[in-house]
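K.L.:
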Amino acid sequence: MKCEKFMTEFMAIDDYENMGLSMKLHQFICRRCSTEARELTTAMRILQQGTPFRMKSSISDKVMSAIIKREAFSENRITWTNWISIGSLIFLSILLINFSDSFIWLKAEFGADLTIPVSVVLGSIFSLYAMIVTAVNYESMKSVVENYLKKM
């Protein structure tokens, strides 16, 4: 085992007492790695014993109460009005693109064969938008459908 590999593996383990046989053998043979491992083990034991300073009082209760009081997740919901208006804008743009100067120019340059691919792409965009709306508002949509089915 090389020294670099020994030190990499030594730094990766938590329990220095239960090293592998090849690591113990390298530590026994290599004086430099043995010294460095001993110094690192001593330093880790000192660090695990505690910090060099002591707090006058515990602040954990204050911190935990502040965390509990704070709202964990504040969601900024998009209103249904915004969802519907954005969807309407996308749908309206799909309908009106056939009358735009750019699209008419593209049809003149490339032929009428361009209409179907553009329609497929725009339809895919609208379908993706509908999936996003459904995924984001699934719970509220589910409750609306359940209420509707109960009334029937």
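Residue numbering for the sequence shown follows the working numbering, starting at -1 and increasing by one per position.
No residue lacks a Cβ here, since even glycine has one placed at the ideal position from N, Cα and C.
1) How long is the line joining the alpha carbons of I123 and I130, rounded to whole angstroms?
2) Is E15 helix, strand or coil by DSSP?
3) Give a yes or no on whether the C-beta atoms belonging to F8 and A35 are separated by under 7 Å.
4) In whole angstroms, what separates the C-alpha of M57 from that of D12?
5) Does any CB atom of chain B fall closer than 7 Å to the CB of L112?
6) The alpha helix (DSSP H) with T79 in it runs from where to where?
7) Helix, strand or coil for R75? Go by DSSP, reduced to three states.
8) Around the Cβ of Q25, are there at least 16 other Cβ atoms within 10 angstroms (buried) or fewer (exposed)?
9) Along the alpha helix (DSSP H) that carries R68, what are the first and last residues, could you check?
10) From Y146 to L120, what distance separates their C-alpha atoms?
11) In three-state terms, what does DSSP make of C1?
12) Identify, in the order they occur along the chain, each residue of the same chain with its Cβ nearer than 7 Å to the Cβ of M139, setting aside the five sequence neighbours on each side.
P.N.:
According to the structure data:
1) Stepping through the sequence shown from its first residue, residue 123 is reached at position 125. Stepping through the sequence shown from its first residue, residue 130 is reached at position 132. Between I123 and I130, the C-alpha separation is close to 11 Å.
2) Taking the first residue of the sequence shown as 1, we reach residue 15 at position 17. Residue state, collapsed to three classes: coil.
3) Along the sequence shown, one-based indexing puts residue 8 at 10. Along the sequence shown, one-based indexing puts residue 35 at 37. The answer is yes: Cβ separation under 7 Å.
4) By one-based count along the sequence shown, residue 57 stands at place 59. By one-based count along the sequence shown, residue 12 stands at place 14. Checking the sequence shown, residue 57 turns out to be Ile, not Met. Computed Cα separation, rounded: 29 Å.
5) Included in the structure is just one protein chain, with no chain B present.
6) Your numbering for residue 79 matches position 81 in the sequence shown. First-last of the alpha helix (DSSP H) with T79: 78 to 94.
7) For the purposes of this step, residue 75 is taken as residue 77 along the sequence shown, with counting starting at 1. Coil, per DSSP.
8) The residue you call residue 25 lines up with position 27 of the sequence shown. With at least 16 other beta carbons inside 10 angstroms of its own, Q25 counts as buried.
9) Along the sequence shown, one-based indexing puts residue 68 at 70. First-last for R68: undefined, no H or E at that position.
10) As a working mapping, residue 146 is identified with position 148 in the sequence shown. As a working mapping, residue 120 is identified with position 122 in the sequence shown. One C-alpha to the other measures close to 32 Å.
11) Position 3 of the sequence shown, counting from 1, holds the residue named residue 1. Reduced to three states, the DSSP call for C1 is helix.
12) As a first step, residue 139 must be located in the sequence shown, where it is residue number 141. Excluding residues within five positions, the ones whose Cβ falls inside 7 Å are T132.
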